[in-house]
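Engineer: Just dropping this structure here.
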Amino acid sequence: MQFNSLEYAQEQDKKDSLSHFRTKFHFPKGSEGTELIYLCGNSLGLQPKNVKDYLQEELDDWSKYGVEGHTEGKHPWLPYHEFLTEKMAKIVGAKPLEVVIMNTLTSNLHLMMISFYNPTKERYKIVIESDAFPSDKYAVESQLKFHDINPKDGLIEWKPRAGENLCRLEDLEEILKKEGDKIALLMIGSTNYYTGQSFPLKKITELGHKYGCKVGFDLAHGAGNILPNLHDSGADFAVWCTYKYLNSGPGSLGGCFVHERYANNRELKRFSGWWGHNKKTRFQMRDDFDVIPGAEGWQLSNPPILSMAAIRASLDIFDEAGMENLRAKSVKLTVYLEKLLKEISTSRISIITPENPEERGAQLSIQVKNADKRLFDKLTESGVISDWREPDVIRIAPAPLYNNFEDVFRFTQKLKAILEEE
Ligand SMILES: Cc1ncc(COP(=O)(O)O)c(C=O)c1O
60 MQFNSLEYAQ EQDKKDSLSH FRTKFHFPKG SEGTELIYLC GNSLGLQPKN VKDYLQEELD
120 DWSKYGVEGH TEGKHPWLPY HEFLTEKMAK IVGAKPLEVV IMNTLTSNLH LMMISFYNPT
180 KERYKIVIES DAFPSDKYAV ESQLKFHDIN PKDGLIEWKP RAGENLCRLE DLEEILKKEG
240 DKIALLMIGS TNYYTGQSFP LKKITELGHK YGCKVGFDLA HGAGNILPNL HDSGADFAVW
300 CTYKYLNSGP GSLGGCFVHE RYANNRELKR FSGWWGHNKK TRFQMRDDFD VIPGAEGWQL
360 SNPPILSMAA IRASLDIFDE AGMENLRAKS VKLTVYLEKL LKEISTSRIS IITPENPEER
420 GAQLSIQVKN ADKRLFDKLT ESGVISDWRE PDVIRIAPAP LYNNFEDVFR FTQKLKAILE
480 EE
């Protein structure tokens with residue numbers, strides 16, 4: 060059977076032991092009521108059907124108990140974030156002590172930099188990838204300015220070489236060889252939002268630590284996608300969001316990892332709030348700040364339960380599917396997508412994401428010659444939800460929980476037809 064046929068794609072779906080998870084999600088529909096081909100889980104994950112019940116449970120407890128829901132609810136609100144920790148920790152390869160769900164990604168990044176970016180006169184620079192997500196860059200620049208450091212001096216960009224799209228590890232090594240003793244922090248996206256390139260977290264951490272730098276990662280595009288093995292990577296900290304591959308709804312809360320070696324470190328500088336205070340004495344209200352050991356100690360506020368309920372709904376599905384199984388399926392889906400894209404004979408598009416599955420997650424970034432967004436608009440009109448990133452990239456991400464080989468096949472057929480028409 061030809062791999063570039065609908066029958067082949069459907070055959071792969073039949074063999075897929077995770078295929079039934081697709082039915083647990085709502086797919087957006089077009090004007091004629093047919094399901095759209097949704098390949099945009101790297102931007103906003105689809106709504107799990109169980110979310111309504113999880114939210115309803117909290118709404119019911121709120122109406123039934125009022126404030127007493129903090130202790131009397133089926134899932135009491137006081138420790139609610141704890142119901143998420145173990146499953147979230149499994150997804151990012153961390154110990155529960157190292158993980159907390161709180162705030163949002165950029166806020167957590169700032170909190171982490173307050174603790175892990177402590178510049179001195181000699182060591183004050185921060186390294187990021189040149190195509191880092193703008194919010195990361197703004198956060199890093201503002202931290203530099205907060206410490207009266209001019210970003211022109213303090214910010215080092217790890218860039219692809221001229222004519223290339225991807226960052227090379229040896230170039231990061233070169234930066235560290237040259238300026239390692241001036242670098243305080245490496246802050247890298249585990250999986251780049253634009254190119255889809257995934258970096259080797261453990262190698263980068265070891266490299267950074269060898270030169271005395273702290274190392275943190277943004278897992279916005281990594282959590283629920285790759286297997287970051289955060290604990291073993293040795294990273295000092297990591298932050299992520301839960302609305303992309305983790306399907307917990309627009310603007311939902313973020314995750315934060317602080318390595319176990321800091322769990323009982325009371326010397327670390329931090330911005331604190333009452334939710335980071337010893338749970339036993341939190342409500343005595345008059346005690347000095349007594350930090351909770353581990354990542355929970357960085358919490359500031361009592362969290363939004365409705366948002367957490369949606370995360371709990373999604374994590375239960377992840378736990379049932381298993382992150383290793385999902386990653387194994389994801390590799391196959393993306394390889395299939397790549398194979399079909401390579402079949403399209405045109406010089407107008409090229410894939411900039413690395414070919415090696417270990418250096419990427421679900422996403423392939425398709426670069427369009429001469430930045431022609433019309434191609435993307437036509438794709439959208441044809442019933443494909445993907446996304447366009449300026450200046451010239453269409454990002455396609457088959458999410459293994461709800462996408463299948465047929466989606467990938469149908470998408471490439473549509474793209475092919477559009478390109479042939481032009
Ligand atoms: C890589 C990356 N970093 C940071 C952010 C910003 O996240 P938030 O708005 O949750 O702070 C995003 C959002 O898409 C992202 O993709």
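Heads up, the sequence shown is in my numbering, so the first residue is 60 and it goes up one at a time. Quick reminder that beta carbons are idealized off the backbone N, C-alpha and C, glycines included.
(1) Whose C-beta lies closer than 6 Å to the C-beta of Thr393 among residues of the same chain, with five residues either side of it excluded?
(2) To test your reading of the DSSP string, which unbroken alpha helix (DSSP H) runs of 4 or more residues are found completely within the stretch 343-370?
(3) When the distance is taken between beta carbons, is Pro107 closer than 8 Å to Tyr97?
(4) Below 6 Å CB to CB, which residues in the same chain sit around Asp466 once its five sequence neighbours on both sides are set aside?
(5) Measure the Cβ-Cβ separation of Val151 and Phe330 and say whether it is below 8 Å.
(6) From Asp378 to His318, what distance separates their C-alpha atoms?
(7) Would you list the one or two residues that DSSP bridges to Lys184?
(8) Distance, Cα to Cα, Glu418 vs Arg227?
(9) By Cβ distance, which residues of its chain are closer than 7 Å to Pro413, with the 5 residues on each side in sequence left out?
(10) Can you give me the Cβ contacts of Pro450 inside the same chain, cut-off strictly under 7 Å, excluding the 5 residues immediately before and after it?
(11) For the beta strand (DSSP E) that contains Arg454, what are its first and last residues?
(12) Would you check whether ligand 2 has a heavy atom nearer than 7 Å to the C-beta of Gly313?
(13) If distances are taken between C-alpha atoms only, which option among Leu305, Ala191 and Glu94 comes closest to Ser373?
(14) Mind listing which residues have their beta carbon within less than 6 Å of any non-hydrogen atom of ligand 1? Chain order is fine.
(15) Roughly how many whole angstroms lie between the Cα atoms of Pro457 and Glu181?
(16) What does a CB cutoff of less than 6 Å around Phe80 pick up in its chain, not counting 5 residues either side in sequence?
(17) Ends of the beta strand (DSSP E) at Ile150?
(18) For Tyr270, list the residues DSSP reports as bridge partners.
(19) Mark Leu396 as exposed unless 16 or more other C-beta atoms lie within 10 angstroms of its C-beta, in which case mark it buried.
(20) In this structure, does DSSP put Asp277 in helix, strand or coil?
(21) Find the nearest neighbour of Thr41 within the set Val186, Pro352, Tyr67 and Thr471, judged by alpha-carbon distance.
(22) So, with DSSP's three-state summary, where would you put Leu164?
(23) Using three-state DSSP, classify Gly313 as helix, strand or coil.
(24) Measure from the C-beta of Ala456 to each C-beta in chain C and report whether the shortest distance is under 8 Å.
(25) Can Arg407 and Val427 be called in contact, C-beta distance under 8 Å?
(26) Checking 8 Å against the spacing of the C-beta atoms, do Gly100 and Lys273 come in under that value?
(27) Distance check for Trp299 and Ser366, CA to CA, integer angstroms please.
(28) In three-state terms, what does DSSP make of Gln61?
Structural biologist: Looking at the atomic coordinates:
(1) Along the sequence shown, one-based indexing puts residue 393 at 334. Excluding residues within five positions, the ones whose Cβ falls inside 6 Å are Ala421.
(2) Here no run is fully enclosed.
(3) Looking up residue 97 in the sequence shown gives position 38. Looking up residue 107 in the sequence shown gives position 48. No, Cβ-Cβ distance for Tyr97 and Pro107 is not below 8 Å.
(4) As a position in the sequence shown, residue 466 is number 407, starting the count at 1. Cβ neighbours of Asp466 beyond the five flanking positions: Ile96.
(5) For the purposes of this step, residue 151 is taken as residue 92 along the sequence shown, with counting starting at 1. For the purposes of this step, residue 330 is taken as residue 271 along the sequence shown, with counting starting at 1. Taking 8 Å as the Cβ cut-off, Val151 and Phe330 do not qualify as a contacting pair.
(6) The residue you call residue 378 lines up with position 319 of the sequence shown. The residue you call residue 318 lines up with position 259 of the sequence shown. The C-alpha of His318 is placed about 22 Å away from the C-alpha of Asp378.
(7) Stepping through the sequence shown from its first residue, residue 184 is reached at position 125. Lys184 pairs with Ile242.
(8) Here residue 418 is taken as the residue at index 359 of the sequence shown, counted from 1. Here residue 227 is taken as the residue at index 168 of the sequence shown, counted from 1. Whole-angstrom Cα-Cα distance: 11 Å.
(9) Residue numbering aside, residue 413 sits at position 354 when the sequence shown is read from its first letter. The residues are Leu225, Gln256 and Arg419.
(10) Here residue 450 refers to the residue found at position 391 when the sequence shown is read from its first residue. Excluding residues within five positions, the ones whose Cβ falls inside 7 Å are Ala430.
(11) To locate residue 454, count along the sequence shown from 1; it is residue 395. That run of the beta strand (DSSP E) goes Val452 to Ile455.
(12) Absence of ligand 2 from the depicted structure is noted, with ligand 1 being the only ligands included.
(13) Taking the sequence shown and counting its residues from 1, one reaches residue 373 at position 314. When each option's Cα is compared against that of Ser373, the closest is Leu305.
(14) The filter returns Thr163, Leu164, Thr165, Phe192, Ser194, Asp195, Gly248, Tyr252, Asp277, Ala279, His280, Cys300 and Gly313, in chain order.
(15) Along the sequence shown, read from residue 1 onward, the residue named residue 457 stands at position 398. Along the sequence shown, read from residue 1 onward, the residue named residue 181 stands at position 122. Cα to Cα, Pro457 sits roughly 45 Å from Glu181.
(16) Position 21 of the sequence shown, counted from the first residue, corresponds to residue 80. Result list for Phe80: Ala380 and Leu460, in chain order.
(17) The residue you call residue 150 lines up with position 91 of the sequence shown. Not the beta strand (DSSP E): Ile150 falls in the alpha helix (DSSP H), residues Glu141 to Val151.
(18) As a position in the sequence shown, residue 270 is number 211, starting the count at 1. For Tyr270, which the question treats as bridged, DSSP gives no partner whatsoever.
(19) For the purposes of this step, residue 396 is identified with residue 337 of the sequence shown, where counting begins at 1. Classification of Leu396: buried, given that the 10 Å Cβ count is 16 or more.
(20) In the sequence shown, the residue the question calls residue 277 occupies position 218. In the three-state reduction of the DSSP assignment, Asp277 falls in the strand class.
(21) Residue 41 is absent from the model: the chain starts at 60 and stops at 481.
(22) Translated into positions along the sequence shown, residue 164 becomes position 105. In the structure shown, Leu164 sits in a helix (DSSP, three-state: H, G or I).
(23) Position 254 of the sequence shown, counted from the first residue, corresponds to residue 313. Looking at Gly313 - three-state DSSP - the assignment turns out to be strand.
(24) The structure shown contains no chain C; it holds only a single protein chain.
(25) Here the question's residue 407 lines up with position 348 in the sequence shown. Here the question's residue 427 lines up with position 368 in the sequence shown. Their beta carbons are under 8 Å apart, which means Arg407 touches Val427 by this criterion.
(26) For the purposes of this step, residue 100 is taken as residue 41 along the sequence shown, with counting starting at 1. For the purposes of this step, residue 273 is taken as residue 214 along the sequence shown, with counting starting at 1. No, these two residues do not count as a Cβ contact at 8 Å.
(27) Within the sequence shown, numbered from 1, the residue matching residue 366 stands at position 307. Within the sequence shown, numbered from 1, the residue matching residue 299 stands at position 240. The alpha-carbon atoms of Ser366 and Trp299 are separated by roughly 15 Å.
(28) Taking the sequence shown and counting its residues from 1, one reaches residue 61 at position 2. DSSP, read as helix, strand or coil, puts Gln61 in coil.
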